[in-house]
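Peer 1: Submitted below is the structure of interest, expressed as structure tokens.
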Amino acid sequence: MRAELEPVISRKKEELPLGITIVTPEDGLVDEVQADWLTFLLCQMYVEHGITKNRDRLLADIAVGNCKIWFALKEGRPIGSAALIKQSDGSVEVGRAVSLHKSVGGLLMLMAVADHLATSTTPVVAEVRVSDNFAGVSSGEATQIVCFKHLGLNPQALVPAFNHGEPIRQEMFVFSSSKKIEAKAPVILPADKASLDLIAGTALAMASDAFADGLSVKVSSEFPFTPKWNLVRQEPFSLVVAGDGGSDLSTVLAAAEGRSPFTLIPLSAKWGNTTAIVECLNEGFVPCGFDRNVNNDGHPVLLLGKLREGTLLAPIKIVNGLLSSNVEAAIRRINQSFKSSVRVGMGVRSRVMVS
0 MRAELEPVIS RKKEELPLGI TIVTPEDGLV DEVQADWLTF LLCQMYVEHG
50 ITKNRDRLLA DIAVGNCKIW FALKEGRPIG SAALIKQSDG SVEVGRAVSL
100 HKSVGGLLML MAVADHLATS TTPVVAEVRV SDNFAGVSSG EATQIVCFKH
150 LGLNPQALVP AFNHGEPIRQ EMFVFSSSKK IEAKAPVILP ADKASLDLIA
200 GTALAMASDA FADGLSVKVS SEFPFTPKWN LVRQEPFSLV VAGDGGSDLS
250 TVLAAAEGRS PFTLIPLSAK WGNTTAIVEC LNEGFVPCGF DRNVNNDGHP
300 VLLLGKLREG TLLAPIKIVN GLLSSNVEAA IRRINQSFKS SVRVGMGVRS
350 RVMVS
């Protein structure tokens with residue numbers, strides 16, 4: 000991929016107006032200045048951004064190399080940024096991209112990825128904004144072009160995970176990776192038409208191009224015990240997992256929604272989890288797609304999300320021709336499902352009810 004990026008990077012550099020310079024991590028910019036510049040840019044673009052709320056964490060990540068930032072300057076002031084952020088699974092995320100000048104952010108993202116590919120084979124991942132222009136925050140069209148056209152990232156899930164702007168609104172992001180999902184076991188779904196139809200039109204369609212060897216789906220009519228649930232994280236959104244020693248889903252969801260407008264459940268689509276899937280759907284969770292990593296047995300991990308009723312959700316805009324028709328249709332259906340849920344509550348009442 001790196002060889003394919005170099006001509007694009009060269010062209011974009013040639014198109015830069017006079018007076019714009021690029022600062023790379025090799026230039027040795029002081030950590031505090033990097034943090035200040037990034038915070039300034041994120042606040043200029045989004046009014047409020049989750050990264051800016053914890054300066055100490057940002058400084059620590061910069062200091063140890065977990066966050067490497069590229070900047071564009073004009074007259075000595077930052078006008079664009081992009082960063083590589085190390086992830087716990089060994090991948091690197093390209094993100095925190097801001098451009099106060101046309102094409103600058105895309106160039107910085109491409110330079111960051113090219114730098115990574117020069118020394119590493121670990122995957123590149125991104126949370127690609129697909130929000131339209133809304134209430135003072137620009138659209139994510141340029142980022143879509145960089146990630147899907149130039150980087151060739153594979154979309155895996157559509158998640159309203161983060162909030163920006165004033166008024167604060169949730170925005171849709173396509174979770175994507177340069178490496179396809181390597182599933183060694185099938186997706187096991189409940190043998191229930193309502194559940195199957197919903198998951199097929201959302202999560203399965205969303206990740207239709209994301210599996211290295213295609214996707215095997217099997218159904219099960221066995222509905223074992225109802226699991227317990229635990230709230231394990233509250234920022235930047237609530238994360239709930241199935242496990243022992245927890246509480247019922249409605250209780251945990253109430254706690255999660257008290258902390259954040261968005262709640263995500265990653266649930267292994269394996270034998271024995273069919274009851275948990277139906278319970279999530281009955282509680283109004285939307286199947287969003289699949290995690291880039293499979294579980295220990297090789298089963299894909301289904302992502303289910305829920306927005307708190309009354310949450311403001313920014314409209315989406317998808318650049319034509321970048322994604323397959325299946326994925327585009329899935330994005331629109333998932334988005335519509337979330338829009339419906341914040342208005343009236345969506346609970347999909349399956350024929351298989353969880354007691």
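As numbered in numbering that gives the first Met the number 0, the sequence shown has no gaps in its residue numbers, which increase by one up to the final residue, 354.
Even glycine gets a Cβ: it sits at the ideal position worked out from N, Cα and C.
Can you check which of these residues, M108, L188, D35 and A209, is closest to L157 by C-alpha distance?
Peer 2: Taking the sequence shown and counting its residues from 1, the one referred to as residue 157 is at position 158. When only C-alpha atoms are compared, the closest one is A209.
Peer 1: Alpha carbon to alpha carbon, what distance is there between K183 and A211?
Peer 2: Residue 211 sits at position 212 when you count from the first residue of the sequence shown. Residue 183 sits at position 184 when you count from the first residue of the sequence shown. Going by the C-alpha atoms only, they are around 10 Å apart.
Peer 1: Looking only at its chain, what residues have a beta carbon closer than 8 Å to the beta carbon of A113, apart from the 5 residues adjacent to it on each side?
Peer 2: Within the sequence shown, the letter at position 114 stands for residue 113. Counting only Cβ-Cβ distances below 8 Å, and skipping sequence neighbours, we find R1, L4, E5 and I8.
Peer 1: Can you name, in chain order, every residue of its own chain whose Cβ lies under 6 Å from the Cβ of T273, other than the five neighbours on each side?
Peer 2: In the sequence shown, residue 273 corresponds to position 274, counting from 1. For T273, where only same-chain residues beyond five positions count, the Cβ hits under 6 Å are P189, S219 and F222.
Peer 1: Distance, Cα to Cα, R348 vs N334?
Peer 2: By one-based count along the sequence shown, residue 348 stands at place 349. By one-based count along the sequence shown, residue 334 stands at place 335. Because R348 carries a pLDDT of 38, less than 50, the predicted location of this residue cannot be relied on, and the following value inherits that uncertainty. Rounded to whole angstroms, R348 to N334 spans 19 Å at the Cα level.
Peer 1: Is the separation between the beta-carbon of A254 and that of A275 shorter than 7 Å?
Peer 2: To locate residue 254, count along the sequence shown from 1; it is residue 255. To locate residue 275, count along the sequence shown from 1; it is residue 276. Against a cut-off of 7 Å, the Cβ pair of A275 and A254 comes out as no contact.
Peer 1: At a cut of 8 Å, does the region 115–127 reach the region 302–321 through at least three beta carbon pairs?
Peer 2: Result no; under three Cβ-Cβ pairs closer than 8 Å.
Peer 1: How many Å lie between K227 and E140 at the Cα?
Peer 2: Taking the sequence shown and counting its residues from 1, one reaches residue 227 at position 228. Taking the sequence shown and counting its residues from 1, one reaches residue 140 at position 141. If you take the alpha carbons of K227 and E140, they lie about 40 Å apart.
Peer 1: Since I68 contacts S80 with CB under 8 Å, what's their CB separation in whole angstroms?
Peer 2: In the sequence shown, residue 68 corresponds to position 69, counting from 1. In the sequence shown, residue 80 corresponds to position 81, counting from 1. That belief holds up - the Cβ atoms of I68 and S80 are roughly 6 Å apart, short of 8 Å.
Peer 1: Inspect the CB distances between the region 232–246 and the region 290–297 and report whether three or more fall short of 8 Å.
Peer 2: Touching, no, given that fewer than three Cβ pairs across the two stretches are closer than 8 Å.
Peer 1: Assuming contact is defined by CB atoms lying nearer than 7 Å, are N53 and K85 in contact in what I supplied?
Peer 2: Position 54 of the sequence shown, counted from the start, is the residue given in the question as residue 53. Position 86 of the sequence shown, counted from the start, is the residue given in the question as residue 85. No, they are not a contact pair.
Peer 1: For V186, which residues of its own chain have a beta-carbon under 6 Å away from its beta-carbon, when the five flanking residues on both sides are left out?
Peer 2: Along the sequence shown, read from residue 1 onward, the residue named residue 186 stands at position 187. V216, A268 and P299.
Peer 1: Do you know how far the Cα of V251 is from the Cα of K12?
Peer 2: What you label residue 12 is simply residue 13 of the sequence shown in a count that begins at 1. What you label residue 251 is simply residue 252 of the sequence shown in a count that begins at 1. Their backbone Cα atoms lie some 50 Å apart in a straight line.
Peer 1: Is it buried or exposed, R10, if we count other Cβ atoms within 10 angstroms and call 16 or more buried?
Peer 2: Counting from one through the sequence shown, the residue named residue 10 turns up at place 11. Exposed is the call here.
Peer 1: Tell me which same chain residues have a C-beta within less than 8 Å of the C-beta of M110, skipping the five on either side of it?
Peer 2: Translated into the one-based positions of the sequence shown, residue 110 becomes position 111. Taken in chain order, the residues that qualify are I8, I21, T23, W69 and A81.
Peer 1: What runs of the beta strand (DSSP E), each 3 residues or longer, lie entirely inside the region 152–210?
Peer 2: Fully enclosed beta strand (DSSP E) runs of 3 or longer: 153–163, 168–176 and 186–189.
Peer 1: Just tell me which of S177, T201, C146 and A134 has its CA closest to the CA of R168.
Peer 2: The residue given as residue 168 occupies position 169 in the sequence shown. For the residues S177, T201, C146 and A134, the minimum Cα distance to R168 belongs to A134.
Peer 1: Does the Cβ of T142 have 16 or more other Cβ atoms within 10 Å, making it buried, or fewer, making it exposed?
Peer 2: Looking up residue 142 in the sequence shown gives position 143. With 16 or more Cβ atoms within 10 Å of its Cβ, T142 is classed as buried.
Peer 1: Could you pull out every residue in the same chain whose Cβ sits closer than 6 Å to the Cβ of S354, ignoring the five residues on either side in sequence?
Peer 2: Sequence index remark: in the sequence shown, residue 354 carries index 355 (1-based). Because the pLDDT at S354 is just 27, under 50, the model does not fix this residue reliably, and the point stays unresolved.
Peer 1: So what does DSSP say about T23, is it helix, strand or coil?
Peer 2: Here residue 23 refers to the residue found at position 24 when the sequence shown is read from its first residue. Coil.
Peer 1: My output table needs one value for K148: the three-state DSSP class, helix, strand or coil.
Peer 2: Against the sequence shown, residue 148 aligns to sequence position 149. Helix, per DSSP.
Peer 1: What is the residue span of the alpha helix (DSSP H) that N229 lies within?
Peer 2: Along the sequence shown, one-based indexing puts residue 229 at 230. Careful: N229 lies outside any alpha helix (DSSP H), inside the beta strand (DSSP E) at K227 to R232.
Peer 1: For G344, I'd like the list of residues in its chain whose CB is within less than 8 Å of its CB, leaving aside the five on either flank, ordered along the chain.
Peer 2: Reading the sequence shown from its first residue, position 345 is the one you call residue 344. Note on G344: pLDDT 42, under 50, position unreliable in the model; no value is reported.
Peer 1: Using the three-state DSSP reduction, which class does E3 fall into: helix, strand or coil?
Peer 2: Within the sequence shown, residue 3 is the residue found at index 4, counting from 1. Looking at E3 - three-state DSSP - the assignment turns out to be helix.
Peer 1: Please report the straight-line C-alpha distance between V91 and P122, rounded to a whole angstrom.
Peer 2: Counting from one through the sequence shown, the residue named residue 91 turns up at place 92. Counting from one through the sequence shown, the residue named residue 122 turns up at place 123. The straight-line gap from Cα to Cα measures roughly 6 Å.
Peer 1: What is the rounded straight-line gap between the Cα of G245 and the Cα of R342?
Peer 2: Within the sequence shown, the letter at position 246 stands for residue 245. Within the sequence shown, the letter at position 343 stands for residue 342. Distance between the alpha carbons of G245 and R342 is about 29 Å.
Peer 1: Go ahead and pull the three-state DSSP assignment for G18.
Peer 2: Within the sequence shown, residue 18 is the residue found at index 19, counting from 1. Looking at G18 - three-state DSSP - the assignment turns out to be coil, as it is neither helix nor strand.
Peer 1: Leaving aside the five residues before and after F224 along the sequence, list all residues of the same chain whose C-beta is less than 8 Å from its C-beta, in chain order.
Peer 2: One-based indexing of the sequence shown puts residue 224 at position 225. Taken in chain order, the residues that qualify are T274.
Peer 1: Is it right to say L379 is buried, meaning 16 or more other beta carbons lie within 10 angstroms of its own, or is it exposed?
Peer 2: For the chain, the structure presents residues 0 to 354; residue 379 sits outside this window and is missing.
Peer 1: Under 7 Å between the Cβ atoms of I317 and E327?
Peer 2: The count along the sequence shown starts at 1 and reaches residue 317 at position 318. The count along the sequence shown starts at 1 and reaches residue 327 at position 328. Taking 7 Å as the Cβ cut-off, I317 and E327 qualify as a contacting pair.
Peer 1: State the Cα-Cα distance for the pair V93 and N162, rounded to the nearest angstrom.
Peer 2: Mapped onto the sequence shown, residue 93 falls at position 94. Mapped onto the sequence shown, residue 162 falls at position 163. In a straight line, the C-alpha of V93 is about 18 Å away from that of N162.
Peer 1: Counting only runs that start and end within the region 28–113, where is the alpha helix (DSSP H) found for 4 or more residues in a row?
Peer 2: Counting only runs of 4 or more, we get 30–45 and 54–63.
Peer 1: Would you mind reading off the limits of the alpha helix (DSSP H) that contains L249?
Peer 2: Numbered from 1 along the sequence shown, position 250 holds the residue referred to as residue 249. For clarity, residue 249 is Ser in the given sequence; the question names Leu instead. It spans L248 to R258 - the alpha helix (DSSP H) in which S249 sits, taken as one unbroken run.
Peer 1: Mind checking K192: buried by the 16 CB within 10 Å criterion, or exposed?
Peer 2: In the sequence shown, counting from the first residue as 1, residue 192 sits at position 193. Exposed, by the Cβ-count rule.
Peer 1: According to the neighbour-count rule (16 or more other Cβ atoms, all chains shown, within 10 Å of its Cβ), is N153 buried or exposed?
Peer 2: As a first step, residue 153 is located in the sequence shown; it is residue number 154 there, counting from the start. That one is buried.
Peer 1: Since P286 and L263 should fall inside the 8 Å C-beta cutoff, what is the C-beta to C-beta distance between them, to a whole number of angstroms?
Peer 2: In the sequence shown, residue 286 corresponds to position 287, counting from 1. In the sequence shown, residue 263 corresponds to position 264, counting from 1. At roughly 12 Å, the Cβ-Cβ gap does not stay under 8 Å, so P286 and L263 are not in contact.
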